[in-house]
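The structure appears below as structure tokens.
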Amino acid sequence: MADKASLSLNGDSFDYDVKPGTVGPDVIDIRKLYGQTGAFTFDPGFTSTASCESKITYIDGDQGILLHRGYPIEQLAEQSSFMEAAYLLLHGELPSKSEFDTFTYTISRHTMLHEQLATFYRGFRRDAHPMAIMCGVVGALSAFYHDSTDITDPHQRMVASHRLIAKMPTIAAMAYKYSIGQPFLYPDNSLSYTGNFLRMTFGVPAEEYVVDPVIERAMDRIFILHADHEQNASTSTVRLAGSSGANPFACIAAGIACLWGPAHGGANEAALNMLREIGTVDRIPEYIARAKDKNDPFRLMGFGHRVYKNYDPRAKVMQKTANEVLEKLGVDDPIFDVARELEQIALKDEYFVEKKLYPNVDFYSGVILSAIGFPTSMFTVLFALARTTGWVAQWNEMISDPDQKIGRPRQLYTGATQRDYVPVGQR
Ligand code: CMC
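Numbering (the numbering used here), first residue to last: 136 to 562.
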């Protein structure tokens, strides 16, 4: 591509630098556009806007490629661990053995929550959605960990990042325990990050909990698959919140709120509810017809993606993991048959082919999580737990960027022009 882009406006011509990435689309640097032309660009939904420069994650949506710091997601899911992926996202390189040991040790030393936070949980209704609890409790961490909220101090930023990664499984498991009325379990740092989470979620103080290595590996892989995904809605929310100088706990709480929506992280819950509603393979055509009907708001949940116009690489690994988990647990769940058949039908259907709608990461994750024993309300919580690593990596990258500015989009104003106030009696 050329290194300049020209724009003609009202008879004048303006040149803008074109900046290349290491891979992927170039960007037209329009930072001077408003100053020079008095005009804004208009891009609701940011379909053509690069909001930042980043070295963390790369997606090629047409090819179905996802790289973290250059490493393909399939290799990380198969060969790495969530802790190693977290280190990679945060620090940019795979750790040496001693770096890895130090990192996992550090994370394990931050798994406990301030004891007063347990009382905080009791303020929620028993039937509170665990995402509601998560938003509240993560935001509240800023009230408990004052010694890591100075964002100008790189050491405090890293302590806050470690705390967030380490405490998220404890917070998530406690949200679950609270909803079912069982006692909270303290973390057991002799277990792996994921094994500890499984124990805090499914164990009880009255019995020893033995972590099943197949489930532990599957769960760890699910965490890797959700760890980061470039400038998606929740990550952009974390960056925008962070751009004002807000503390990291508040920023991650904002990300959790954004992730909750059914078009984003909430899709895994919605996808499983949809599969259950469909129930049997013979009812699939009815739902395919509804998804295609312009007058019906129904969408196939777990299908389609803003960036992927090809198979989501995470969905492939997820499908394989679903096979492994169901086989290991001996679960013969008809919704897995519904999922597989629905995928096959949709992949051949002209509507889905033409619009390039493929299964995304959320299509199969619910089937696995349900087989492991999680209620649907916990699905998005697990997504948030894993995505916290990506959020903190992106937040750190932004804060360390010397060019960082507060995010402040503008608008195309189409409201009333200036007019005089009319007292109520004269309206
Ligand atoms: N079922 C039926 N039609 C669909 C679907 C779907 N799942 N997704 C998109 N379409 C249609 C849509 O109606 C539109 O048709 P037309 O051009 O005729 O108006 C076209 O495809 C483009 O859709 P869009 O909404 O303009 O695309 P988008 O990039 O704004 O939305 C999306 C992407 C993920 C929000 C959307 O595909 C969707 O709602 N999918 C279902 C929810 C879901 O699975 N979300 C999880 C995304 S991956 C994990 C994450 O990001 O958290």
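Note that the Cβ used here is the ideal one computed from N, Cα and C, for glycine as well.
Closest residue to residue i among the options (Cα-Cα distance)
i, options, result
"A521", "L248, Q198, A301, S231", "A301"
"A359", "I165, F177, P448", "What sits at residue 359 in the sequence shown is Ile, not Ala. Residue P448 is the option with its Cα nearest to I359."
"I470", "D197, A506, Y493", "A506"
"I534", "K491, S378, N445, A450", "S378"
"A137", "S148, Q210, P155", "P155"
"Q398", "A424, N367, E485", "For the sequence presented, residue 398 should be read as Ala rather than Gln. That would be N367, whose Cα lies nearest to the Cα of A398."
"S141", "S369, K167, V158", "K167"
"Q198", "P318, Y446, V339, S183", "Y446"
"G429", "P179, Y486, T415", "The identity of residue 429 in the sequence shown is Lys, whereas the question assumes Gly. Nearest option by C-alpha distance: Y486."
"P160", "K139, T176, G258, A185", "A185"
"G501", "G525, C187, R543, N458", "N458"
"G173", "I165, G180, P179", "I165"
"M293", "A353, A308, S369, P383", "P383"
"F255", "G227, I306, A212", "I306"
"D484", "P420, D536, E342, V516", "P420"
"Y313", "V272, N324, H290", "V272"
"F181", "Y556, D555, G560, R545", "R545"
"A392", "R261, Y443, V373", "V373"
"R543", "S371, I387, E532", "S371"
"S216", "A405, R356, K455", "R356"
"V153", "G146, V162, D147", "V162"
"K190", "L202, A310, S183", "L202"
"M309", "C386, Y344, F259, Q291", "F259"
"I242", "N324, K427, G400, E342", "N324"
"A389", "A376, G400, G380", "A376"
"I286", "I200, C386, T157", "C386"
"P340", "T329, G146, Y321", "Y321"
"Y193", "S183, H226, T157", "T157"
"K455", "G401, M354, L517, E489", "M354"
"G400", "P432, V516, E188", "V516"
"M303", "Y328, G227, R257, Q291", "Y328"
"G380", "I541, D468, G196, P179", "I541"
"A528", "G196, R298, K139", "R298"
"G196", "D431, Y443, G227", "Y443"
"H440", "A402, E343, F235", "A402"
"W530", "D431, E404, Y311, E365", "E365"
"H361", "G560, D150, G525, E188", "G525"
"F177", "T549, V557, F235, G560", "T549"
"M453", "S233, I208, G146, F337", "I208"
Exposed unless 16 or more other CB atoms sit within 10 angstroms - verdict on residue i
i, result
"I503", "buried"
"A424", "exposed"
"S296", "buried"
"L144", "exposed"
"A551", "exposed"
"H281", "exposed"
"Y169", "exposed"
"A253", "exposed"
"R204", "buried"
"F514", "buried"
"D363", "buried"
"E213", "exposed"
"P318", "exposed"
"G508", "exposed"
"T237", "exposed"
"S283", "buried"
"Q210", "exposed"
"L547", "exposed"
"S231", "exposed"
"S148", "exposed"
"I315", "exposed"
"R554", "exposed"
"V345", "exposed"
"G563", "Lying before the first or after the last residue shown, residue 563 is absent from the chain, which here runs from 136 to 562."
Chain B within 8 angstroms of residue i, Cβ atoms only
i, result
"A362", "Protein chain content of the structure displayed is limited to a single chain, and chain B is not contained in it."
Practice item. For ligand 3, list every residue whose C-beta falls under 6 angstroms from any of its heavy atoms, going in chain order. Key: Absence of ligand 3 is noted for the structure shown, with ligand 1 being the only ligands found.
Review point. How about the region 397–414 and the region 471–482: do they share at least three Cβ pairs that are nearer than 8 angstroms?
Key: yes
**Study point:** Cβ contact (3+ pairs, closer than 8 angstroms) linking the region 337–356 and the region 446–465
**Key:** yes
Review point. Does the pairing of the region 494–502 with the region 427–440 give three or more beta-carbon distances under 8 angstroms?
Key: yes
Review point. Given 8 angstroms as the limit, is there contact between the region 207–225 and the region 269–288, that is, 3 or more CB pairs closer than that?
Key: no
Review point. Between the region 260–267 and the region 232–252, do at least 3 Cβ pairs fall closer than 8 angstroms?
Key: no
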